[in-house]
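Novice: Below you'll find the structure I mean.
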Amino acid sequence: MIKILLQGIMLVLFAAAVCANAEEAKSKKVSFYSDIRPIFQGQCHGCHQPAKAKGDYVMTTFEQLLKGGESEEKAVVPGKPDESHLVTLITPIDGEAEMPQKGGALPAEQIAMITRWVAEGATDDTPASAKQRYDKDNPPVYSLPPVISSIDYSPDGTLIAVAGFHEVLLHHADGSGLAGRLIGLSERVQKVKFSSDGKKLAVAGGLPARSGEIQIWNVVSKKLSMSIPVGYDTVYGVSWSPDNSKVSVGLPDSTVRAFDVKSGKQVLFKDSHDDWVLDTVWNNKGDHLVSVGRDMAVKLTEVATQRFVDNITSITPGALKGGIHAITVHPKKEEVLVGGSDGVPQVFRLTRVTKRVIGDNSNLVRKFPPMPGRIFGLDFGPEGKKIIAGSSYNGTGSVHLYQSDYDSSVSDELKKAFERPLDGNSKKLSGEYHTKGVKLLAKVSLGTAVFATAFSPDSETVAVGGADGVIRLFDSQSLALKRAFLSVPMTEEKLPEVIALAVEPQEIQLNGKFDYTQMLLTAVKANGESYDASRDFSLTVDSDVIKVSKTGMVEPVKDGEAKLKIVHKNQTSTISVRVSGVSGDFIPDYVRDVMPVLSKLGCNAGTCHGSKDGKNGFKLSLRGYDPIYDVRAFTDDLASRRVNIAAPDNSLILLKSSAAVPHEGGQLTKMGEDYYEILKAWISNGAKLDTGSVRVASIELFPRNSVVQKIGDQQQMRVIATYANGEKRDVTAE
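One rule links them: number in my numbering = place in the sequence shown (from 1) + 109.
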């Protein structure tokens with residue numbers, strides 16, 4: 110009777126708490142930044158952004174969000190959801206809503222949230238920090254150096270321009286310090302390039318997936334002379350015409366464009382590429398423009414007529430492998446150096462010496478030894494007798510210095526060979542020509558990706574930049590490191606004080622001796638940044654009912670309750686733990702308990718017994734997709750050779766996995782360990798299969814949106830399985 114009364118009281122208290130929470134949620138004003146913006150980002154921005162404004166409606170800025178699109182009806186009327194076209198479009202009628210067009214109507218709670226936000230006035234509570242705009246009086250402040258995507262020497266050799274975040278940094282070329290900071294609107298700076306007289310600096314960049322921009326800076330006054338908005342994404346590969354009157358860029362929309370730097374007027378538009386255009390360069394005469402892109406093409410365009418002239422590279426399928434990322438012009442010849450995904454620097458002439466035939470690559474002048482990964486940065490030496498190239502491969506980088514002192518002339522015999530590209534002798538002659546005078550002089554491997562390289566005007570130094578934000582100056586003869594320095598100003602890093610410690614889950618219930626829970630510990634700093642603390646904590650437990658690993662895995666020891674106190678730096682959190690089912694008999698379910706063990710140990714992997722033919726006469730279904738087949742393999746084959754119900758420890762499945770008898774797979778577990786004991790318990794209980802066992806319906810991974818700040822940092826993950834009956838279980842270790 111007392112037990113029933115207590116249960117009733119608990120239900121009343123729980124209901125009261127739920128009601129209180131609901132009332133609190135209703136009284137709290139809906140936040141655009143925290144509640145509404147994430148809905149729009151996930152469900153609407155893909156179709157309603159500047160680059161893809163369906164219905165002429167853009168939702169990526171607050172002003173455009175309220176305004177509406179081609180219907181000319183106001184999308185949001187503050188305080189009046191019934192008059193807001195957006196609310197009308199997302200509200201389903203007979204289960205169907207006009208928007209979103211894909212994926213069905215929004216969940217009812219999201220529609221209610223948006224409607225309530227409009228009714229409450231549709232205010233924009235985006236914090237100032239999220240709207241941050243930088244200028245010379247409020248420059249970017251770096252906690253980590255940004256990736257260097259581009260680097261360039263001034264023609265007099267006194268300055269190095271380096272791409273930063275919202276800015277270009279002008280360094281003294283000797284690395285002695287900053288000479289200036291050119292801070293603009295473009296968040297992403299893709300390429301920087303000095304004019305040939307050194308008076309101006311062109312910058313290609315923009316806001317990724319939103320807008321592109323060309324900036325023209327006065328180097329002496331360090332003031333922005335012109336900003337040219339172009340396209341709906343970052344622009345690439347800015348290059349000056351030889352007379353410094355025009356600049357060219359490539360765009361993700363597959364176009365090449367050129368602009369007059371005085372008026373900002375577009376003077377060239379060409380869409381001959383089939384993919385993103387990543388770099389451009391003018392020939393020395395200034396009458397042709399050369400562009401490269403992800404479509405594996407090097408294309409020549411006549412500037413005066415805007416006429417596509419030629420594919421400079423071979424158009425034969427397979428002749429080039431992958432996109433081309435960078436191009437530069439020879440300082441004295443009508444030739445260009447290109448590099449890309451195949452890691453092979455190549456020089457091409459701009460004008461043909463033979464007619465085009467199928468399979469030819471007659472414009473190829475020289476082909477240099479390959480380097481690891483993809484080439485992103487390259488440059489000719491001032492005299493054209495050396496080239497430098499930088500590449501990236503799986504987080505590492507390479508810098509190669511090549512000799513390029515060669516004769517470009519083509520003999521009559523070679524011309525005939527170019528016209529017969531499939532002939533064996535022609536291939537030999539062409540191959541010898543393409544590598545003559547080519548030599549790898551020096552190379553350096555770095556522990557970071559390399560994205561930018563440049564020769565100094567005096568040819569004595571090579572500047573290199575990449576993923577770690579460090580500018581490295583190498584000797585141009587040997588690639589010996591002369592100096593290295595950060596691209597951006599940084600004070601000595603001081604980690605902000607931890608202001609909170611979040612522990613997940615807040616309560617732990619362990620059911621059975623083999624149950625467990627992986628804790629996630631997230632520390633929050635004063636600046637709002639968070640990091641994983643799951644391997645950096647101390648703890649105290651007021652009972653011996655549980656044990657906790659160094660990585661935060663909580664496992665049962667015996668039935669009972671405990672308080673777990675967790676400490677990280679100056680923060681403390683306490684959670685409750687309840688353990689049950691340890692003292693009782695454990696009867697494993699094959700699908701729920703045994704299959705995960707077999708998969709974890711690798712028994713049913715494709716390289717072991719899950720392979721097509723199995724191993725040593727024993728076959729399991731791949732990754733356990735057929736439990737009926739697997740249980741028969743254990744219990745029926747060869748009259749139950751592999752399980753011994755009468756003496757479970759003598760079962761071949763345990764003898765093999767513990768290496769008590771020879772096992773090609775080695776020792777996978779041993780007596781006393783959880784996996785061994787689970788298999789043993791299953792055998793002891795008859796090695797049965799319940800075909801009606803509840804299966805996993807879905808899994809969730811936590812944390813959902815983790816950010817790992819630095820290389821070498823770690824993030825503990827937690828995996829929760831939801832079964833068809835609604836039960837949830839921690840399966841992180843499985």
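Glycine residues also receive a C-beta, built at the ideal position from the N, C-alpha and C atoms.
Keep in mind that this is a model prediction, so the values were computed, not measured.
(1) Are the beta-carbon atoms belonging to V356 and F368 less than 8 Å from one another?
(2) Excluding five sequence neighbours on each side, which residues of the same chain lie with their C-beta closer than 7 Å to the C-beta of L523?
(3) By DSSP, does G575 sit in helix, in strand, or in coil?
(4) Look up R483 in the DSSP assignment and say whether it is helix, strand or coil.
(5) List the DSSP bridge partners of G289.
(6) With DSSP run on the structure shown, which of helix, strand or coil describes V407?
(7) Taking Cβ to Cβ, would you say D342 is nearer than 8 Å to G315?
(8) For E836, which residues in the same chain have their Cβ closer than 8 Å to its Cβ, ignoring the five residues on either side in sequence?
(9) Once DSSP output is grouped into helix, strand and coil, what is the label at Q818?
(10) I'd like to know if the stretch 761-780 and the stretch 710-721 are in contact, where contact means that at least 3 CB-CB pairs between them fall below 8 Å.
(11) So is K211 buried or exposed if we call it buried at 16+ other beta carbons inside 10 Å?
(12) Taking the alpha-carbon of F527 as reference, which of D469, T170, V301, V559 has the nearest alpha-carbon?
(13) So who's on the other strand from H677, going by DSSP bridges?
(14) Who are the Cβ neighbours of G556 in its own chain at under 7 Å, not counting the five residues just before and after it?
(15) Could you tell me how far apart the beta carbons of Q627 and T841 are, in whole angstroms, since I believe they sit closer than 8 Å?
(16) Near E207, which residues of its chain fall below 7 Å by C-beta distance, leaving aside the five closest residues on each side in sequence?
(17) CA-CA distance, K603 and P812?
(18) Between which residues of its own chain and V646 is the CB-CB distance below 7 Å, once the five residues before and five after are set aside?
(19) Please say whether F303 and S336 have beta carbons closer to each other than 8 Å?
(20) Run through DSSP, which three-state label would R458 get?
(21) According to DSSP, is A313 part of a helix, a strand, or is it coil?
(22) When you compare the stretch 475-483 with the stretch 503-521, are there three or more beta-carbon pairs, one atom per stretch, that lie closer than 8 Å?
(23) Pick out whichever of D624, E616, V663 has its Cα sitting closest to the Cα of I684.
(24) To the nearest angstrom, how far is it from the Cα of A768 to the Cα of D641?
(25) Inspect the CB distances between the stretch 783-797 and the stretch 759-766 and report whether three or more fall short of 8 Å.
(26) Going by DSSP, what residues sit across from Q627 in a beta bridge?
(27) Is the distance from the Cβ of V312 to the Cβ of V301 below 8 Å?
(28) Please list, in chain order, all residues of the same chain as E444 whose beta carbon is under 8 Å from its beta carbon, the five residues on each side excluded.
(29) Roughly how many angstroms separate the alpha carbons of S554 and V271, rounded to a whole number?
(30) Whole angstroms is fine: what's the gap from N814's alpha carbon to D383's?
(31) Within a Cβ cutoff of 8 Å, which residues of the same chain sit near V770, ignoring the five residues on either side of it in sequence?
(32) Need the endpoints of the beta strand (DSSP E) that Q375 sits in, please.
(33) Based on the DSSP secondary-structure assignment, which residues constitute the bridge partners of P338?
(34) Check this for me: beta carbons of A558 and G574, under 8 Å apart or not?
(35) Suppose you measure from the CA of P665 to the CA of D822; what does that come to, to the nearest Å?
(36) Quick one: what's got a C-beta closer than 6 Å to E133's C-beta in the same chain, skipping five residues either side?
Specialist: This is what the structure holds:
(1) Counted from its first residue, the sequence shown places residue 356 at position 247. Counted from its first residue, the sequence shown places residue 368 at position 259. A contact, by the Cβ cut-off of 8 Å.
(2) Residue mapping note: residue 523 aligns to position 414 of the sequence shown, counting from 1. Closer than 7 Å at Cβ, skipping near neighbours: L538, Y542.
(3) Your numbering for residue 575 matches position 466 in the sequence shown. In this structure, G575 counts as strand in the three-state DSSP scheme.
(4) By one-based count along the sequence shown, residue 483 stands at place 374. It is a strand residue.
(5) Within the sequence shown, residue 289 is the residue found at index 180, counting from 1. Per DSSP, L279.
(6) For the purposes of this step, residue 407 is taken as residue 298 along the sequence shown, with counting starting at 1. It is a strand residue.
(7) Within the sequence shown, numbered from 1, the residue matching residue 342 stands at position 233. Within the sequence shown, numbered from 1, the residue matching residue 315 stands at position 206. Yes. Within cutoff.
(8) To locate residue 836, count along the sequence shown from 1; it is residue 727. Here the set comprises V803.
(9) Here residue 818 refers to the residue found at position 709 of the sequence shown. It is coil, neither helix nor strand.
(10) yes
(11) The residue you call residue 211 lines up with position 102 of the sequence shown. Under this definition K211 is an exposed residue.
(12) In the sequence shown, residue 527 corresponds to position 418, counting from 1. Checking every option, the nearest Cα to that of F527 belongs to D469.
(13) Here residue 677 refers to the residue found at position 568 when the sequence shown is read from its first residue. According to DSSP, which records beta bridges pairwise, H677 is partnered with Q680.
(14) Against the sequence shown, residue 556 aligns to sequence position 447. Once the five neighbours on either side are set aside, the close Cβ partners of G556 are T505.
(15) To locate residue 627, count along the sequence shown from 1; it is residue 518. To locate residue 841, count along the sequence shown from 1; it is residue 732. Going by Cβ atoms, the distance from Q627 to T841 rounds to 4 Å, so yes, they are a contact pair.
(16) Mapped onto the sequence shown, residue 207 falls at position 98. Contacts found: L198.
(17) Numbered from 1 along the sequence shown, position 494 holds the residue referred to as residue 603. Numbered from 1 along the sequence shown, position 703 holds the residue referred to as residue 812. Reliability of the predicted coordinates at K603 is poor, the pLDDT of 44 falling under 50, and the value obtained from them is presented with this limitation in mind. The straight-line gap from Cα to Cα measures roughly 26 Å.
(18) Taking the sequence shown and counting its residues from 1, one reaches residue 646 at position 537. Sequence check: residue 646 is Phe here, not Val. Around F646: L630, I675, V676, H677.
(19) Here residue 336 corresponds to residue number 227 of the sequence shown, with the count starting at 1. Here residue 303 corresponds to residue number 194 of the sequence shown, with the count starting at 1. In terms of Cβ geometry, S336 and F303 do not form a close pair [threshold 8 Å].
(20) In the sequence shown, residue 458 corresponds to position 349, counting from 1. The answer is strand: DSSP assigns R458 an E or B state.
(21) Counting from one through the sequence shown, the residue named residue 313 turns up at place 204. Three-state result, A313: strand.
(22) Because the criterion of three Cβ pairs below 8 Å is met, the stretch 475-483 and the stretch 503-521 touch.
(23) Along the sequence shown, one-based indexing puts residue 684 at 575. Out of D624, E616, V663, E616 has the C-alpha closest to the C-alpha of I684.
(24) Start at 1 with the first residue of the sequence shown, and residue 768 comes out as number 659. Start at 1 with the first residue of the sequence shown, and residue 641 comes out as number 532. A768 and D641: Cα-Cα distance of roughly 37 Å.
(25) yes
(26) In the sequence shown, residue 627 corresponds to position 518, counting from 1. In the DSSP output, where bridge partners are listed per residue, Q627 has M662.
(27) Stepping through the sequence shown from its first residue, residue 312 is reached at position 203. Stepping through the sequence shown from its first residue, residue 301 is reached at position 192. Closer than 8 Å, so yes.
(28) For the purposes of this step, residue 444 is taken as residue 335 along the sequence shown, with counting starting at 1. Around E444: V438, V456, F457, R458, L459, V474, S517.
(29) In the sequence shown, the residue the question calls residue 554 occupies position 445. In the sequence shown, the residue the question calls residue 271 occupies position 162. Cα to Cα, the separation comes out at about 21 Å.
(30) As a position in the sequence shown, residue 814 is number 705, starting the count at 1. As a position in the sequence shown, residue 383 is number 274, starting the count at 1. Going from the Cα of N814 to the Cα of D383 covers about 34 Å.
(31) By one-based count along the sequence shown, residue 770 stands at place 661. These residues qualify, in order along the chain: L761, L764.
(32) By one-based count along the sequence shown, residue 375 stands at place 266. That run of the beta strand (DSSP E) goes 375-379.
(33) On the sequence shown, position 229 is the one that residue 338 refers to. P338 pairs with E322.
(34) Within the sequence shown, numbered from 1, the residue matching residue 558 stands at position 449. Within the sequence shown, numbered from 1, the residue matching residue 574 stands at position 465. No, the pair does not count as a contact, with Cβ atoms beyond the cut-off.
(35) As a first step, residue 665 is located in the sequence shown; it is residue number 556 there, counting from the start. As a first step, residue 822 is located in the sequence shown; it is residue number 713 there, counting from the start. C-alpha separation (whole angstroms): 29 Å.
(36) Locating residue 133 in the sequence shown gives position 24, counting from the first residue. In this prediction, E133 has a pLDDT of 47, which is less than 50 and means its spatial position is unreliable; what the coordinates show is noted afterwards. Closer than 6 Å at Cβ, skipping near neighbours: no residue.
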